[in-house]
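Colleague:
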Amino acid sequence: MPLATIHVLAGHPRPVLKTLVREAAATLARVIDAPPERLQVWITEVDPELYAIAGVPADEVLAERPRAEVEIPLVRLALMEGRPVETLHRVMAEMSAVTARVLGGDPQRVRVMIDPVHPDRWAIGGVPASVARAAELAARR
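For the sequence shown, full-length UniProt numbering gives the first residue as 1, with consecutive numbering after it.
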């Protein structure tokens with residue numbers, strides 16, 4: 001179930017983005033101890049003309065300043081409720097680090113947001129996770 005969407009400004013080389021997908025997936029799986037086959041990680045590229053940095057379209061800012069100084073990648077995670085707060089803090093730190101390292105930016109510029117999902121509000125094949133994975137969810141608590 002774990003999902004990660006990484007929002008970045010368009011214009012990164014495709015091989016860099018593919019590396020980010022791979023490394024972010026591996027990091028997420030390791031930190032939350034989830035089977036890799038259950039993860040989904042994707043990147044959403046945002047048009048710099050439709051992204052404001054300090055109220056100015058990013059394409060104009062990028063014409064004067066390096067990308068690494070101005071881009072603020074957003075990593076948005078959807079995770080089933082019930083994980084210890086320490087795990088959540090660790091995944092935020094490590095996803096920030098891998099995103100910054102692969103994109104060549106500063107980890108302080110990366111933002112991570114976790115959307116906790118209640119098991120009754122997530123379905124697997126039409127069956128609520130609270131039912132489909134009851135034993136697994138109970139063991140996590």
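Glycine is no exception: its CB is placed at the ideal position from the N, C-alpha and C atoms. All figures in this text were calculated on a predicted structure; none of them were measured in a lab.
(1) Cα-Cα, which of M80, D120, G104 and E37 is closest to I72?
(2) Taking contact to mean at least 3 C-beta pairs separated by less than 8 Å, is the segment 21–32 in contact with the segment 48–59?
(3) Which stretch, first to last residue, makes up the beta strand (DSSP E) that contains residue 142?
(4) Here's a check: name, in chain order, each residue in its chain whose Cβ is nearer than 7 Å to the Cβ of T5, leaving out the five neighbours to either side.
(5) I need the DSSP call for P128, collapsed to helix, strand or coil.
(6) Sorted by chain position, which residues of the same chain lie with C-beta nearer than 7 Å to P116's C-beta, five sequence neighbours on each side aside?
(7) Between the segment 92–106 and the segment 123–131, can you find at least three pairs of beta-carbon atoms closer than 8 Å?
(8) How close, in whole Å, do the beta carbons of R111 and L74 come, if the pair is a contact with beta carbons under 8 Å?
(9) Suppose the cutoff is 8 Å on Cβ atoms and the five residues either side in sequence are ignored; what does the same chain contact list for V70 look like?
(10) According to DSSP, is D33 part of a helix, a strand, or is it coil?
(11) Among L9, A29 and V16, whose alpha-carbon lies nearest the alpha-carbon of T87?
Modeller: Looking at the atomic coordinates:
(1) Among M80, D120, G104 and E37, the Cα nearest to that of I72 belongs to G104.
(2) In short, these stretches do not touch, since the Cβ pair count stays below three.
(3) For the chain, the structure presents residues 1 to 141; residue 142 sits outside this window and is missing.
(4) Excluding positions up to five away in sequence, the list reads W42, T44 and R76.
(5) In the structure shown, the three-state DSSP call for P128 is strand.
(6) Excluding residues within five positions, the ones whose Cβ falls inside 7 Å are L79 and E81.
(7) The segment 123–131 vs the segment 92–106: no contact.
(8) Taking a contact as a CB-CB distance under 8 Å, the pair R111 and L74 counts as one, their CB atoms being some 5 Å apart.
(9) Contacts found: I53, A58, V61 and L62.
(10) Residue state for D33 is assigned as coil, using DSSP reduced to three classes.
(11) Out of L9, A29 and V16, the CA that lies nearest to the CA of T87 is found in A29.
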